[in-house]
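Worksheet for the structure shown next.
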Amino acid sequence: MSTREKRFFFDLATQYYVVARFSAFAGLQPVCGNLFHHAIEMYLKGYLVSKLTLVEIKALGHRLQEIWDRCKKEIADAELDNFDQVISDLDKFESIRYPDRILAQGMIGLINVKKQHGSTESTVPKRPEPVYEIVVEEIDSLVKVIFQKSSFNPEFFTNRLKPEAKTYLNKENEAPP
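Quick note on numbering: the sequence shown equals residues 198 to 374 in this note's numbering.
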């Protein structure tokens, strides 16, 4: 695959990422989780596009855990293990892209800009609904690492953003891409 395809995936991913950050600050759960899922999916597929054909990329579907495992295998850096829980948390959002599961099971949706110290379980009342949590700070760190591993300059994608988009890209972001 050419740099053109890789660049296109990263461009889409950056757009999803900015809108996901906006929706997190706006408290739009579960939409922000779905948008972050799409952003990370596009970044990871953008990394893989230099190793796989577009047909193979499409065959990966939206299974973030499988895409992540494939990227980790290609990158071969133990540092990526630190993001396994972030990927697992985001992967849950694919199952609630459509409202049927939420209607059947309910949901507890949490959006935290910063990682909370201690367990989420201690802050969530004991209820039967599944918990869907977003920690923006952890996703920001993951995006930064993906850019580093891809050898892409993030400024290529972010300098073209309008000021409003940059506002939400940078808001409380300690690891901007």
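Quick reminder that beta carbons are idealized off the backbone N, C-alpha and C, glycines included.
Span separating the alpha-carbon of residue i from that of residue j
i: Q313; j: Q345; result: 26 Å
i: N367; j: D266; result: 29 Å
i: L245; j: G230; result: 22 Å
i: E276; j: V310; result: 22 Å
i: A256; j: T250; result: 10 Å
i: Q282; j: E369; result: 21 Å
i: R298; j: F354; result: 35 Å
i: E334; j: R201; result: 29 Å
i: P373; j: G303; result: 33 Å
i: N356; j: E238; result: 22 Å
i: I254; j: R204; result: 15 Å
Classification of residue i by the beta-carbon crowding that lies within 10 angstroms, buried from 16 upward
i: Y295; result: exposed
i: G243; result: buried
i: F206; result: buried
i: S319; result: Only weak support exists for where S319 lies, its pLDDT of 49 falling under 50; the value from the coordinates is given anyway. Classification for S319: exposed.
i: L300; result: exposed
i: P325; result: exposed
Residue span of the beta strand (DSSP E) that contains residue i, given as start and end
i: L307; result: 305-309
i: L329; result: According to the sequence as given, residue 329 is Tyr; it is not Leu. Unbroken beta strand (DSSP E) run through Y329: 328-332.
Assumed close pair residue i, residue j - CB separation to whole angstroms, cut-off 8 Å
i: Q226; j: G306; result: 4 Å
i: Y240; j: A221; result: Not quite, the Cβ-Cβ distance comes to about 17 Å (not below 8 Å), so this is no contact.
Residue i - containing alpha helix (DSSP H), residue span
i: T355; result: 352-355
i: A236; result: 228-245
i: E253; result: 251-256
i: P360; result: 360-367
i: Q262; result: 261-272
i: L277; result: No alpha helix (DSSP H) contains L277, which DSSP labels as neither H nor E.
i: F349; result: That residue, F349, is in no alpha helix (DSSP H); it is neither H nor E in DSSP.
Distance cut-off 6 Å: residue i Cβ against heavy atoms of the ligand ATP
i: N309; result: Annotation note on the ligand ATP: not contained in the displayed structure, which lists no ligands.
Item to check | Inter-stretch contact (C-beta, 8 Å, three-pair minimum) for the region 255-266 and the region 354-364 | outcome: In short, these stretches do not touch, since the Cβ pair count stays below three.
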